[in-house]
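Residue numbers (the UniProt record's numbering), protein chains in the order written: chain A, 1 to 544; chain B, 1 to 658.
What follows is the structure, encoded as structure tokens:
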């Protein structure tokens, strides 16, 4: 079915063929640089110059007109000034069919810019696909360049950032292009859990190409100018007879709100790249590095009095978990992952006393903060990333349970919910849990409970740890009893408080909400030397 | 580079950014009040007082009770159970659910609370039951003292017509006028001449300012008579006309009175409350810049005459309209403690709540009229949770995620009933606090107010500090050239925030740039020093700063009261920014969004209807206000997304047009 996808590429007008035809007349002036009367030195100069303008000024202008930056502009914005060290600037494609062997169809560096650089002084490897050269299509040489920097990143232990802007496979190269994709996929998989991998989709990314971003840890998109889909709207129309626009099918909004494929969307190229720099600051360079610690001006012992009143008087009333998170973390700086998808769980990165932490919280404001299929998968993937890269996990619990219903059961809530359970259970990084209100039923167990090796588990005075809410419980325990209200009151008195969990040691302490930040910061300091190893295995078998 | 000395607002701003934003302090709720009278502990009043109110006024009353050694009982609705006034009081009783008619206006529950706690007296604060004669009666029936005037005074002053008649009888100036059938134009001229120009002519039956005409001379009176009598006959079928003295550029000036049960009454000088929006006061000051000692005395004496005429006891306020020639006319009398009483306390040194409690117990006034001073100048700004950019203030709600009162400054008094973490809900008045500053001169008080507004940290809700700061620094306000029309005159197109001058603009941009650089430098300070890799030269440091043209501003600064979004980009990024497409904003003429959180009261259209421009689409009620939302253009209604009774948030989609 990849063949189908390639057809779609030409149809969505980013096709490689149309790009090369259009370029026929563009580079007539470039022809002479292979003429042998030039000295080697001069030829180096010429090639370098040619590499810097990619597909030529006209194509650059067209790229700008679309509201997009060029591959090199993007790299320059992403990295610290003057830190970019380019590799493979002289690589050219090796295709000799369809007139591709002619000089005018050769571009030094081909359709991707690769190299290494620094973000706030920290090493990173980057590739940036160049849409001005054959629509950024992937040739064997293009793939080889990407693989080379990925291999280096793995060797030295540094993250890889891919800036995707490509029409798809280089059709003229046929299977060589397909092989190139597979080479990249394999490296994505091998690097997974070794170095952080981030994809920023800044243009089209369709067909087989989508699987590289899908294999990386985080996929970000640029609103209105980026698309991700297996097949374009035309193919969709011919196969399923659905009328759908590119934006509806695979735009940033679709993937950040409906499909959950992308983790964040930004307004434009500049915002995306600058935010990516901020995001990068949270990440360790590899699985051998601890979570980074940045200079912190927010006192670690700061009290947060506003938290004392945040949980509403009525236990049925919602509040915003983000308020708690922002009040507790350093300088209100919280980088939320998937803010518009499965909003009943909040995940993201923040710092506590300068140290990066991963935050997971049930969101009472949305669907009462229940766990359902999407929120379980969202949470599980995030927890596994944190665990892979030594980032401590702080969990805020206010969960009424798993969402009931046929839609959920038929959709497999059992195996999807198990993912979150699995992720929390296998995680060996420091785990701190705060029960702010409800911790009911199986969802209590799942949310980084003491029983899943939580290092420090706190309860606020408003916590209720129980098998279920009072009403349901009373109907079972006191079935047929006359005075249900009295029974309910008895149940509430017994279970709707933190004591049942505290007397058994399932929570380590009941703390005043205002002191939460202070406690977490001091615990993290102690847990920095935590060492925990799971039994040897080839790999675990998470219920996918 | 030579060090520039920073201007005070800039250094304050930098201070705030550096320290305040990161230290949300647990600030004790207290404020410094400036009372010169000393409480006499031998004067026994009550053992226990119940405060039938909430928010800042409940806290205000409790403070004085504590000073006088009186036990306090707070009443509260269920959502207020952790409110500041509940925490401050010795006892607290829940009197019902959130809506005021089920809690703070629920007399049965409050009477029960009095019985249960054994409170001997009730202070009603303002609003709620403070001018409810029924409540006063029920208290009297149970032998509980109502801290306020007697029932008959409340009743007499509660009725607009009756109060005017009583005032007239007590030789208090009332607005001269004539209400009845006027036969000819010449009769109208005669009446107008008796009243004195300018006069206002309108049909008696027409409500409000409808069909109102203003005449400055005989000719205009004749013309006004012709129009108004025609309109009266044709539109209302009632040919009575109202000819009344027209008060141009009126100022709202009120006299605080204090009377005991022994026939003694004092006037405690005036308060100028002309800065208003929709008849609600925004900034008040005492004394007024406009009154000379003679006028002040005349007004004070008339106020006292009125108080005596109704055997008034306790604190009360007589409101006057004052025209440009210093003629003053009685408007109404408020038989309670006013919101803006603190400014009177500042300049007289009296604790009005203490005096009210003493008077209620039956003590005589401690002071003589000649003992009442005007010491210095006091200004009060009402800080509201509302959006000043929407008709000078539409309510906003939310949670005070960060809140810090400017009590670090001297001569500042903040009366508030909320704290960090408090909710501003749709159920109650959206007032955050009353910010009072005091100084030996008006300029001192104004300068202090500027400082205090700049030091006030309020996050989580939209507030009106931008507007307050603009008012108190406006040349017309500073010169005292104000009237009740101040806001619509100064901001005919609505309030737009502070307009930056060149220097201020530079200062703002410089601060933003400094913050940007500080953040950039901090990002580079990661444990396990990587700094050797940071290339530092002039090129890296060149940045471009601009006031954001969209919502994606990265640095948000409150400067000179107004919040500015400043975008700071590296030089490279700002050059490339020109390639970024302008995002087309949503076409707002075809959609109607809720401008504020509230409840939908009525939906006047249904899908398929054709609406005309300006036609009412629906009504939203928020904080005691009904707001009619209208169509921006003529169109067919595509879909309706709300129904009556529904609660909507700010920005929620209500109706789509085609």
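For glycine and all other residues, C-beta sits at the position ideal for the given N, C-alpha and C.
- Listed along the chain, the chain B residues whose CB falls inside 7 Å of the CB of residue 498 of chain A amount to none; the nearest CB is some 18 Å away.
- Taken through DSSP and simplified to helix, strand or coil, residue 261 of chain B comes out as coil.
- Within 7 Å of the CB of residue 579 of chain B, the CB atoms of chain A belong to 64, 67 and 69, in sequence order along the chain.
- Residue state for residue 312 of chain B is assigned as coil, using DSSP reduced to three classes.
- Residue environment: residue 184 of chain B is assigned as exposed (fewer than 16 neighbouring CB atoms within 10 Å of its CB, all protein chains considered).
- At a cut-off of 7 Å between beta carbons, residue 73 of chain A contacts chain B.
- The beta carbon of residue 619 of chain B is closer than 6 Å to those of 601, 602, 626 and 628 in its chain, skipping five residues each way along the sequence.
- C-alpha of residue 328 of chain B to C-alpha of residue 249 of chain B: approximately 12 Å in a straight line.
- Taking a cut-off of 8 Å on C-beta distances, the segment 48–65 of chain A touches the segment 125–135 of chain A, as three or more cross pairs fall below it.
- When C-beta distances to chain A are compared with 7 Å, every residue of the segment 284–315 of chain B stays at or above that value.
- For secondary structure counted as the alpha helix (DSSP H) over 4 or more consecutive residues, the segment 115–161 of chain A holds these complete runs in sequence order: 140–156.
- Among the residues of the segment 104–126 of chain A, those with a Cβ less than 7 Å away from any Cβ of chain B are 118, 120, 121 and 122, in the order of the chain.
- Proximity of chain B to residue 462 of chain A at the Cβ level (cut-off 7 Å) is not reached, the minimal Cβ distance being about 11 Å.
- Chain A places a beta carbon closer than 7 Å to that of residue 573 of chain B, counting this residue as a contact.
- The Cβ-Cβ distance between residue 480 of chain B and residue 289 of chain B falls below 7 Å.
- The C-alpha of residue 425 of chain B lies about 40 Å from the C-alpha of residue 385 of chain A.
- Below the 9 Å Cβ cutoff, chain B contributes no neighbours of residue 219 of chain A, its closest Cβ being approximately 21 Å away.
- Residue burial is scored here from C-beta neighbours: residue 475 of chain B has fewer than 16 other C-beta atoms within 10 angstroms and is therefore classed as exposed.
- Residue pairing by DSSP places residue 395 of chain B opposite B:386 in a beta bridge.
- With distances taken between CA atoms, residue 504 of chain B lies nearest to B:560 out of B:490, B:560, B:466 and B:514.
- About 27 Å separates the beta carbon of residue 373 of chain A from that of residue 326 of chain A, a gap too long to meet the 8 Å contact definition.
- In this structure, A:297 is the residue among A:159, A:305 and A:297 with its C-alpha nearest to the C-alpha of residue 353 of chain A.
- Residue 374 of chain A: member of the alpha helix (DSSP H) spanning 373–388, first to last residue.
- Residue 299 of chain B counts as buried, since at least 16 other C-beta atoms from the protein chains shown sit within 10 angstroms of its C-beta.
- DSSP places residue 246 of chain B outside any alpha helix (DSSP H), giving it a letter other than H or E.
- If you ignore the 5 residues before and after residue 91 of chain B, its C-beta comes within less than 6 Å of the C-beta of 73 and 117, all in its own chain and listed in chain order.
- Annotated three-state conformation of residue 346 of chain B is helix, per DSSP.
- Its Cα nearest to that of residue 478 of chain A, the residue A:491 stands out among A:491, A:150 and A:266.
- Put simply, the segment 309–321 of chain A does not touch the segment 433–443 of chain B. Fewer than three CB pairs are less than 8 Å apart.
- Between the segment 152–167 of chain B and the segment 331–342 of chain B, the count of C-beta pairs closer than 8 Å reaches three or more; the two stretches touch.
- Residue-level contact by beta carbon holds for residue 281 of chain A and chain B, with a gap shorter than 7 Å.
- Under the Cβ criterion of 7 Å, residue 653 of chain B is not counted among the residues facing chain A.
- By the beta-carbon neighbour count (other beta carbons within 10 angstroms, threshold 16), residue 380 of chain A is buried.
- When DSSP states are grouped into helix, strand and coil, residue 47 of chain B belongs to the coil group.
- Under DSSP, the beta-bridge partners assigned to residue 433 of chain B are B:383 and B:416.
- Between residue 287 of chain B and residue 343 of chain B, the gap from beta carbon to beta carbon reaches 7 Å or more.
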